[in-house]
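Visitor:
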Amino acid sequence: GEDDAASAVHEATEFGVRRFTARGMRNGGLLVVGDAAHEVSPIGGQGMNLGLLDAAGLAPLLVRWVRTGEAPDAELARWERMRITSARRAARLAAVNTALGRPAGTLTDAGRRAAIGAALATPSARALAWLYTMGLDRAA
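Position 5, counted from 1, in the sequence shown is what the numbering used here calls 16; the numbers after and before it change by one each time, with no gaps.
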């Protein structure tokens, strides 16, 4: 939104916004993480963060599985539910962020900038920033 920043942009690229969340992330011994399990808008790098959180939560379960030879089914089910919930939440947040970032006309853009500026000038600005990012993901 700043004129100085906009004038410094020499090249812009276009990207498509895709959204997909698998119904499940495991089927027997097959497990999927990251973009194989969920795609979200690239706004804010949330897809990459989701994939890292998927792997971080899954790693200790896989270690246990390899060491004992038995799948920790209850824990895998809990991991799967948590990660799908996180992916859906991130996809909704990415959709909001994408909508907020789209040009909407001079008056609307000015109003949006003023509203965001006013919100960030409040004592709750830190909490808003946390919510705006992945603060709602318990695994983060």
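The beta-carbon is built from N, C-alpha and C at its ideal position, and this holds for glycine as well.
Quick one: which unbroken alpha helix (DSSP H) runs of 4-plus residues sit fully inside the stretch 66-126? Chain order, please.
Guide: Correct list: 84-112.
Visitor: Are the stretch 49-61 and the stretch 21-41 touching by the rule of at least three beta carbon pairs closer than 8 Å?
Guide: Yes: the two stretches touch, three or more of their Cβ pairs being nearer than 8 Å.
Visitor: Tell me, please, whether the stretch 53-73 touches the stretch 97-104 by the rule of three or more beta-carbon pairs shorter than 8 Å.
Guide: Yes: at least three Cβ pairs fall under 8 Å.
Visitor: In whole angstroms, what separates the C-alpha of T24 from that of G112?
Guide: Here the question's residue 24 lines up with position 13 in the sequence shown. Here the question's residue 112 lines up with position 101 in the sequence shown. So the two alpha carbons sit approximately 15 Å from each other.
Visitor: Check for me: the alpha helix (DSSP H) holding A33 runs from which residue to which?
Guide: Walking along the sequence shown from the start, residue 33 turns up at place 22. Where A33 is concerned, there is no enclosing alpha helix (DSSP H), given that its DSSP letter is neither H nor E.
Visitor: Enumerate in chain order the residues of its own chain whose CB-to-CB distance from V20 is below 6 Å, with the five nearest sequence positions on each side excluded.
Guide: Indexing the sequence shown from 1 puts residue 20 at position 9. Cβ within range, chain order: n/a, list empty.
Visitor: Kindly confirm or deny that the stretch 68-75 and the stretch 83-97 touch, where touching means at least three C-beta pairs closer than 8 Å.
Guide: Yes, they touch.
Visitor: Expressed to the nearest angstrom, what Euclidean distance is found between the alpha-carbon atoms of A106 and G80?
Guide: Sequence index remark: in the sequence shown, residue 106 carries index 95 (1-based). Sequence index remark: in the sequence shown, residue 80 carries index 69 (1-based). Cα to Cα, the separation comes out at about 41 Å.
Visitor: Between the C-alpha atoms of D46 and L73, what's the straight-line distance to the nearest angstrom?
Guide: As a position in the sequence shown, residue 46 is number 35, starting the count at 1. As a position in the sequence shown, residue 73 is number 62, starting the count at 1. The alpha-carbon atoms of D46 and L73 are separated by roughly 19 Å.
Visitor: Rounding to the nearest angstrom, what Cα-Cα distance links L118 and R124 in this structure?
Guide: For this step, residue 118 is matched to residue 107 along the sequence shown. For this step, residue 124 is matched to residue 113 along the sequence shown. Near 10 Å, if we compare the C-alpha coordinates of R124 and L118.
Visitor: Rounded to whole angstroms, what's the CA-CA distance from D120 to A129? Just pull it up for me.
Guide: Position 109 of the sequence shown holds residue 120. Position 118 of the sequence shown holds residue 129. C-alpha separation (whole angstroms): 14 Å.
Visitor: Assuming W76 and A82 make a contact with CB atoms under 8 Å, what is their CB distance in whole Å?
Guide: Counting from 1 along the sequence shown, the entry for residue 76 is found at position 65. Counting from 1 along the sequence shown, the entry for residue 82 is found at position 71. That pair is a contact at about 5 Å.
Visitor: Would you report the Cα separation of A33 and G56, rounded to the nearest angstrom?
Guide: Taking the sequence shown and counting its residues from 1, the one referred to as residue 33 is at position 22. Taking the sequence shown and counting its residues from 1, the one referred to as residue 56 is at position 45. Cα to Cα, the separation comes out at about 19 Å.
Visitor: Would L64 be called buried (16 or more neighbouring beta carbons within 10 Å of its own) or exposed?
Guide: The sequence position of residue 64 within the sequence shown is 53, counting from 1. Buried is the call here.
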